[in-house]
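Asks:
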Amino acid sequence: MELLPHAAADTEHISRVEGAKQAVDQIFSVIKLKKVINLKGDLPEGYTDEGATTVPGVGKVTQNRLFELLLDDNFIKNMHQIAEEANNILGEIESTQNLELRKELIERYGSKFILASNKYASSMEIAGLKGPYSE
1 MELLPHAAAD
11 TEHISRVEGA
21 KQAVDQIFSV
31 IKLKKVINLK
41 GDLPEGYTDE
51 GATTVPGVGK
61 VTQNRLFELL
71 LDDNFIKNMH
81 QIAEEANNIL
91 GEIESTQNLE
101 LRKELIERYG
111 SKFILASNKY
121 ASSMEIAGLK
131 GPYSE
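Rendered as structure tokens:
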């Protein structure tokens with residue numbers, strides 16, 4: 001079993017804290033439940049392989065992680081709603097080349113656009129979807 005290197009590091013970044021939590025969870029899982037997460041080498045008899053996992057902010061986004069999240073209709077609905085809100089605002093701004101009208105639209109919708117984009121970015125990070133994608 002491979003523990004994340006963050007498990008032994010300081011706690012200046014949230015991924016280090018999450019890595020330490022995952023390490024404890026992995027140890028508990030292997031001792032009490034005979035389930036191995038992040039298997040390295042051969043699986044001992046009597047144990048089950050629970051696959052590879054990491055914490056948000058560490059490693060690549062895997063197909064399995066994305067699949068798990070996309071089974072959650074609430075997650076999809078929330079992300080779609082946030083993206084649609086930002087897209088609608090951008091569509092309004094894009095619809096005119098008049099700089100005065102664009103300025104007026106930004107004054108009207110700027111804070112809503114930034115809020116939507118921040119919500120989207122935060123939701124992606126919390127869900128562990130920040131980083132490169134791994135096939």
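Take the sequence shown: its position 125, counted from the start at 1, is 125 in this note's numbering, and no numbers get skipped.
Ideal Cβ positions, reconstructed from N, Cα and C, are used throughout, including at glycine.
Note that the coordinates shown come from a computational prediction; the quantities given were computed from them, not determined experimentally.
In or out: Q221 buried (at least 16 other Cβ within 10 Å) or exposed?
Replies: Because the chain is modelled from 1 through 135, residue 221 falls outside the range shown and cannot be assessed.
Asks: Run the proximity test for E125: is its beta-carbon closer than 8 Å to any non-hydrogen atom belonging to the ligand ZN?
Replies: With respect to the ligand ZN, the structure offers nothing, as it holds no ligand at all.
Asks: Could you tell me whether the Cβ of R65 comes closer than 9 Å to any Cβ of chain C?
Replies: Looking for chain C here will not work: only one protein chain is present.
Asks: Quick one: give me the first and last residue of the alpha helix (DSSP H) that S95 is part of.
Replies: Here residue 95 corresponds to residue number 95 of the sequence shown, with the count starting at 1. Here S95 belongs to no alpha helix (DSSP H), and DSSP marks it neither H nor E.
Asks: Give the single residue among V61, E18 and L105 whose Cα lies nearest to the Cα of L90.
Replies: Working through the sequence shown from its first residue, we reach residue 90 at position 90. Here the closest residue by C-alpha is L105.
Asks: Measure the C-alpha to C-alpha separation of F67 and E85 and round it to an integer number of angstroms.
Replies: Your numbering for residue 67 matches position 67 in the sequence shown. Your numbering for residue 85 matches position 85 in the sequence shown. Each residue's alpha carbon lies about 24 Å from the other.
Asks: Bridge partners of Y133, per DSSP?
Replies: As a first step, residue 133 must be located in the sequence shown, where it is residue number 133. For Y133, which the question treats as bridged, DSSP gives the partners V61.
Asks: Thinking C-beta only, is G46 closer than 9 Å to K34?
Replies: Within the sequence shown, the letter at position 34 stands for residue 34. Within the sequence shown, the letter at position 46 stands for residue 46. Yes; because the gap between Cβ atoms is below 9 Å, this pair is in contact.
Asks: Would you tell me roughly how many angstroms separate the C-alpha atoms of S95 and G41, rounded to the nearest one?
Replies: Looking up residue 95 in the sequence shown gives position 95. Looking up residue 41 in the sequence shown gives position 41. Going by the C-alpha atoms only, they are around 57 Å apart.
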